[in-house]
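Q: Residue numbers (my numbering), protein chains in the order written: chain A, 1 to 447; chain B, 1001 to 1194.
Note that beta-carbon positions come from the ideal geometry of N, C-alpha and C, so glycine has one too.
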Ligand SMILES: [Zn+2]
Ligand SMILES: [Zn+2]
């Protein structure tokens, strides 16, 4: 059956509105027009450098892969996204763009986070081809919902529940399915080249301000979201026209920042960490951790998000309650009380495993490395599961000739959109499995 | 805490005095049901409802009672965006900022449960509103200070609205607590005696 979506031109339309207007757009080898801004930000060469939040550095990075802080905000006087018509969504988009792309916000992002922000990229997601949107999802710069959303808003069609085994590939297909529709106006602003800050516009809320960091680093992430939030509001700036008007947020004295879903109301704050817990999984302690964290009103999800099984033993833990406590109180309990205990627990389990079952664990992690070095076909989930084993081997000292950085990089590059972008061509599932195995072999061969 | 009979987490805790000795029991939901415990609440739902209806009728007749015809909260509609409370319960999403005011009565108990008891924002305040941290809410004190009849009436009216909403939202624990509060306001003398 011919894959008609391959020939769709609208899907290939460039999506960066900040690309240099009438300047000629670069074309990739297959002749697809790609926006200049996206091209340079997410070129194959750039992808090979990995994602800054997945460097495998930062405090406690043996267990904590990454930290994330997110603030939900809505503009006063406009309905929430789901109830907003096309014109209203356009208006939200232009209000936020004017402000988010202002000097004030850029300055704040550049100085506030210790990153290397040089500029901000604004992408109109509804004009992005499917592959570009999926790439942004894989880099955690936008949510899966934000990439998927068709015309109907936040609750728009969720195409048939993907089989968990192929979740990543299903996400690609789903994104592709709704790609040509154009959809309702929605966008994202991203700082480059560090990708530490992204502001999603017209997701479930008008704004979702997100900061991602490698390792356990929530404190500075909250500081940055907080100052970006202020900058978007135009706080402390003389009201001269150059920077556009500040945003006015929907807020009530009792309920705080008003959000579309009452589970976000109040602070609008969601803090989360992605943890690598292979030893707790192996020793059967994971259920205890899940129960304990749920008792503490935290949510535990797998790597591929809600509902999916934790592929590769990567778990995302986040706070659930947002009302009645201050931002600092929410973060402090999470960062300084709860998560350190999980980290200690995992480290303890790793030590126990290595001391008491060394041969078994050694066998397991080295076999994983062996498969990765010799496989000719790999699904994304298999790759992630094996990489998780190798990661465990590295941090327990059982594998010494593979850098942790290589594993982190492969976790990202083996995902469908990254693979296709790296090789600069669209591939079906079978082609991707071959390409994935080839890529993994290249990276792990010489060591 | 573990269930006395199996390895599950205990959710029902009972303390009895038997022969002068304290006897404690801890059971999980399943074992408790097998043992004949009412797990959800100490009062069965029809009992509670019956009580509530009787009390509402009494309140409506009493001189300070503010007649509050039972309202169907699913029909409450936001005047700004047209979202009904029923639609919100279905989708989990509100339509606009005004929804929070329009649905305050039925939303409050829901929020309190979802937010682990959090009812008032104590965090960041937008810069345009001064940026000062919100003051924590005054502890919910019985209207002792507000001895005036007017204040009591207003308080009663609010409580009864919340009660209706809580019943309709099947928040029976919340309803029972509201009922007790109403009772205390309606007959403060009785309370001081007990
Ligand atoms: Zn039991
Ligand atoms: Zn509304």
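Take residue 1080 of chain B and list the residues in its own chain whose beta-carbon comes closer than 7 angstroms to its own, dropping the five residues that flank it on each side.
A: Taken in chain order, the residues that qualify are 1096, 1098.
Q: I need the DSSP call for residue 302 of chain A, collapsed to helix, strand or coil.
A: Residue state, collapsed to three classes: strand.
Q: How do the region 381 to 398 of chain A and the region 406 to 416 of chain A stand: do at least 3 beta-carbon pairs fall below 8 angstroms, yes or no?
A: Touching, per the Cβ criterion.
Q: Pull up the CB-CB distance for residue 423 of chain A and residue 399 of chain A, whole angstroms please, since I reckon it's below 8 angstroms.
A: Not a contact, Cβ separation roughly 28 angstroms.
Q: Ligand 2: which residues have Cβ under 6 angstroms from any of its heavy atoms, chain order?
A: Those residues, listed in chain order, are B:1078, B:1080, B:1081, B:1083, B:1095, B:1096, B:1098, B:1099.
Q: Residue 1085 of chain B lies in the alpha helix (DSSP H); which residues open and close that run?
A: Per DSSP, residue 1085 of chain B belongs to the alpha helix (DSSP H) from 1085 to 1091.
Q: So with CB distances below 7 angstroms, who are the chain B contacts of residue 79 of chain A?
A: The answer, in chain order, is 1081, 1095, 1096.
Q: Please state whether DSSP places residue 204 of chain A in a helix, a strand or coil.
A: Residue 204 of chain A: coil per DSSP, three-state reduction.
Q: Using a beta-carbon distance cut-off of less than 9 angstroms, what residues from the region 251 to 275 of chain A approach chain D?
A: Protein chains A and B are contained in the structure displayed, whereas chain D is not.
Q: Residue range of the alpha helix (DSSP H) that residue 483 of chain A falls in?
A: Here chain A has residues from 1 to 447 only, and residue 483 of chain A is not among them.
Q: Against chain A, does residue 1027 of chain B count as a neighbour if the rule is that its beta carbon must be under 8 angstroms from one of theirs?
A: Not one chain A Cβ lies under 8 angstroms of residue 1027 of chain B.
Q: Along the chain, where does the alpha helix (DSSP H) containing residue 227 of chain A start, and where does it finish?
A: From DSSP, the alpha helix (DSSP H) with residue 227 of chain A extends over 218 to 233.
Q: Quick one: what's got a C-beta closer than 7 angstroms to residue 261 of chain A's C-beta in the same chain, skipping five residues either side?
A: Correct list, in chain order: 204.
Q: When the Cα atoms are used, what is the spatial distance from residue 28 of chain A to residue 255 of chain A?
A: In this predicted model, residue 28 of chain A has a pLDDT of only 42, less than 50, meaning its place in the structure is not dependable; the value taken from the coordinates is given anyway. Residue 28 of chain A and residue 255 of chain A: Cα-Cα distance of roughly 50 angstroms.
Q: From this set, A:75, A:233, A:86, A:136, which residue's C-alpha is nearest residue 39 of chain A's C-alpha?
A: For residue 39 of chain A, the nearest C-alpha among the options comes from A:136.
Q: Would residue 324 of chain A pass as an interface residue toward chain B - the criterion being a Cβ-Cβ separation below 8 angstroms?
A: Yes, its Cβ sits closer than 8 angstroms to a Cβ of chain B.
Q: Spatial neighbours of residue 259 of chain A within its chain, please: C-beta separation below 6 angstroms, excluding the five flanking residues on both sides.
A: Taken in chain order, the residues that qualify are 72, 205, 265, 268.
Q: Here's the rule: buried if 16 or more other CB atoms are within 10 angstroms of the residue's CB, otherwise exposed. What is residue 428 of chain A?
A: Exposed is the call here.
Q: Taking the straight line between their C-alpha atoms, what separation do you get for residue 1182 of chain B and residue 1160 of chain B?
A: Rounded to the nearest angstrom, the two C-alpha atoms are 7 angstroms apart.
Q: Measuring straight from C-alpha to C-alpha, what distance separates residue 443 of chain A and residue 372 of chain A?
A: Looking at the two C-alpha atoms, the distance is approximately 10 angstroms.
Q: Note down, in chain order, each residue of its chain lying with its Cβ closer than 7 angstroms to the Cβ of residue 1035 of chain B, except the 5 sequence neighbours on either side.
A: If we look at residue 1035 of chain B and ignore the five residues flanking it on each side, its Cβ neighbours are 1027.
Q: Within 8 angstroms (strictly less), CB to CB, does residue 225 of chain A reach chain B?
A: Residue 225 of chain A does not count as touching chain B.
Q: Do we get a CB-CB distance below 8 angstroms when we pair residue 248 of chain A with the residues of chain B?
A: Cβ-Cβ to chain B under 8 angstroms: yes for residue 248 of chain A.
Q: Keeping to the same chain, check which residues put their C-beta closer than 7 angstroms to that of residue 75 of chain A; ignore five residues upstream and five downstream.
A: For residue 75 of chain A, where only same-chain residues beyond five positions count, the Cβ hits under 7 angstroms are 92, 95, 206, 247, 248, 249, 250.
Q: So which residues of chain A does residue 1100 of chain B contact, with C-beta pairs closer than 7 angstroms?
A: Going along chain A in sequence order, the residues near residue 1100 of chain B (Cβ under 7 angstroms) are 252, 255, 258.
Q: Starting from residue 191 of chain A, trace the beta strand (DSSP E) both ways and give me its first and last residue.
A: From DSSP, the beta strand (DSSP E) with residue 191 of chain A extends over 187 to 192.
Q: 8 angstroms is my cut-off, CB to CB: does residue 1115 of chain B come that close to chain A?
A: Cβ-Cβ to chain A under 8 angstroms: yes for residue 1115 of chain B.
Q: Which two residues bound the contiguous beta strand (DSSP E) that contains residue 1024 of chain B?
A: Note, residue 1024 of chain B: beta strand (DSSP E), 1021 to 1027.
Q: Using DSSP's beta-bridge definition, name the partner residues of residue 274 of chain A.
A: For residue 274 of chain A, which the question treats as bridged, DSSP gives the partners A:66, A:316.
Q: Is the region 279 to 292 of chain A close to the region 324 to 332 of chain A, with three or more CB pairs under 8 angstroms?
A: No, they do not touch.
Q: Listed from N- to C-terminal order along the chain, which residues in the region 80 to 108 of chain A have their beta-carbon within a distance smaller than 8 angstroms of any beta-carbon of chain B?
A: Correct list: 80, 82, 83.
Q: Can you tell me whether residue 118 of chain A is helix, strand or coil according to DSSP?
A: Correct three-state label for residue 118 of chain A: coil.
Q: Given residue 166 of chain A, which residues of its chain have a CB within under 6 angstroms of its CB, disregarding the five upstream and five downstream residues?
A: Residue placement at residue 166 of chain A is poorly supported in this model, since its pLDDT is 46, which falls under 50; the coordinates are not used for a value here.
Q: By how many angstroms is the C-alpha of residue 79 of chain A removed from the C-alpha of residue 1067 of chain B?
A: Unreliable placement is indicated for residue 1067 of chain B, whose pLDDT of 45 sits below 50; the coordinate value is still reported in the next sentence. Each residue's alpha carbon lies about 34 angstroms from the other.
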